[in-house]
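Numbered by the UniProt record's numbering, the letters in the sequence shown go through residues 1 to 193 in order.
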Amino acid sequence: MKKLDTATKILRAAHRLFDREGADAVTMRRVAEQVGITPMAIYRHFPNREALLKRLSDDSFNSTARQWLENAEESGVLQRLYKAQENYLDYALEHPHLFDHAFSVRRDDARRFPEDFRARLSPTLNVVVDALADGMRLGELREDDPWDVAMTLWAHSHGLIALYRAGRFSYDETQFRRFYLASLGRLLDGIKA
Numbered sequence: 001m002k003k004l005d006t007a008t009k010i011l012r013a014a015h016r017l018f019d020r021e022g023a024d025a026v027t028m029r030r031v032a033e034q035v036g037i038t039p040m041a042i043y044r045h046f047p048n049r050e051a052l053l054k055r056l057s058d059d060s061f062n063s064t065a066r067q068w069l070e071n072a073e074e075s076g077v078l079q080r081l082y083k084a085q086e087n088y089l090d091y092a093l094e095h096p097h098l099f100d101h102a103f104s105v106r107r108d109d110a111r112r113f114p115e116d117f118r119a120r121l122s123p124t125l126n127v128v129v130d131a132l133a134d135g136m137r138l139g140e141l142r143e144d145d146p147w148d149v150a151m152t153l154w155a156h157s158h159g160l161i162a163l164y165r166a167g168r169f170s171y172d173e174t175q176f177r178r179f180y181l182a183s184l185g186r187l188l189d190g191i192k193a
């Protein structure tokens, strides 16, 4: 078994804290305790707490995008779109603190629409845009701006998830998932060719 380097140990410890308790729990002192090093040793690998949090977010986005791409390789356009939005729901429910930090907290380093997205700086939204562009090129979806349509899908999904997590649905998770996918179906029906 390969021995983990210190930076990887720091990232894993920070990720566990973040996942369990949220961004406020990720302090240099707590991460150091988890790894068995001094807090000052972390600064050899990350210049500050913000850089560590940014790396956690970036790693999370990239990991999620890789998963979405794996699912995209074996499906048709509509299945790819459904799967990407279902993966988004899974991510929100499995990692609520990372989800909130990524999408519900104002951050100076957050990507901005449209310029950052059109520059393909979002590994996750790129997957959705590519599926939409394929669907439009194949004539399965109505011609439109794939970036604007992707943002519409994202806003729809995000809004439903935010409402569910805020207790605005009386559904359990299974019932909400069924509603979420049916609602997404209604939206996708509206963009079919």
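Positions of the beta carbon are idealized from the N, C-alpha and C atoms, including for glycine.
Boundaries of the alpha helix (DSSP H) in which residue i is found, first to last residue
i, result
"D5", "Looking at the DSSP string, D5 is not in any alpha helix (DSSP H), and its letter there is neither H nor E."
"S157", "146-165"
"H101", "96-103"
"L181", "173-189"
Spatially closest choice to residue i from the options, by CA coordinates
i, options, result
"A84", "A32, Q34, L125, T152", "L125"
"E21", "H156, A155, H95, L81", "H95"
"A193", "D19, L153, Y171, D134", "D134"
"residue 227", "S170, L188, H158", "In the structure as shown, the chain starts at 1 and stops at 193, and residue 227 therefore has no counterpart that could be examined."
"H45", "D116, A23, F61, I10", "I10"
"D109", "E50, D148, Y82, T38", "E50"
"A155", "T38, I37, F113", "F113"
"L138", "E70, D58, G76", "G76"
"R186", "F169, T152, L17, N87", "T152"
"R106", "D19, Q175, A23, Y88", "A23"
"D5", "I37, L17, R16", "I37"
"A150", "L184, T8, R165", "L184"
"E140", "D19, L69, Y91, L78", "L78"
"A162", "A41, S60, S104", "S104"
Close Cβ partners of residue i (< 7 angstroms) along its chain, the five nearest in sequence each way excluded
i, result
"A14", "V26, V31, L52, L56"
"L121", "R111"
"P39", "M28, R29, A32"
"F117", "R111, L125, W147"
"E86", "L181"
Below-8 angstroms beta-carbon distance, residue i vs any chain C residue
i, result
"S63", "Of the protein chains in the structure, only one exists, and it is not chain C."
Close beta carbons around residue i, own chain, < 8 angstroms, minus the five adjacent residues each side
i, result
"A65", "P123, T124, N126, V127"
"Y43", "M28"
"E173", "L93"
"E115", "none"
"D19", "H95, H97, L98"
Sequence-distant residues of the same chain with beta carbon closer than 6 angstroms to residue i, five excluded per side
i, result
"E143", "M136"
"L160", "Y180"
"Q34", "A13"
"D88", "Note that residue 88 corresponds to Tyr in the displayed sequence, not to Asp. S157, listed in sequence order."
"N62", "P123"
- Message: Contact between the segment 98-117 and the segment 174-181 is defined here as three or more beta-carbon pairs at a separation below 8 angstroms; is this criterion met?
- Response: No, because fewer than three Cβ pairs between the segment 98-117 and the segment 174-181 fall closer than 8 angstroms, the two stretches do not touch.
If we require 4 or more residues per run, which alpha helix (DSSP H) segments fall completely within the UniProt domain "HTH tetR-type" (4-64)? Segments of the alpha helix (DSSP H) lying fully in the UniProt domain "HTH tetR-type" (4-64): 6-21, 28-35, 39-42.
What residue ranges within the segment 112-137 form continuous alpha helix (DSSP H) runs of no fewer than 4 residues, ordered along the chain?
Segments of the alpha helix (DSSP H) lying fully in the segment 112-137: 115-118, 123-137.
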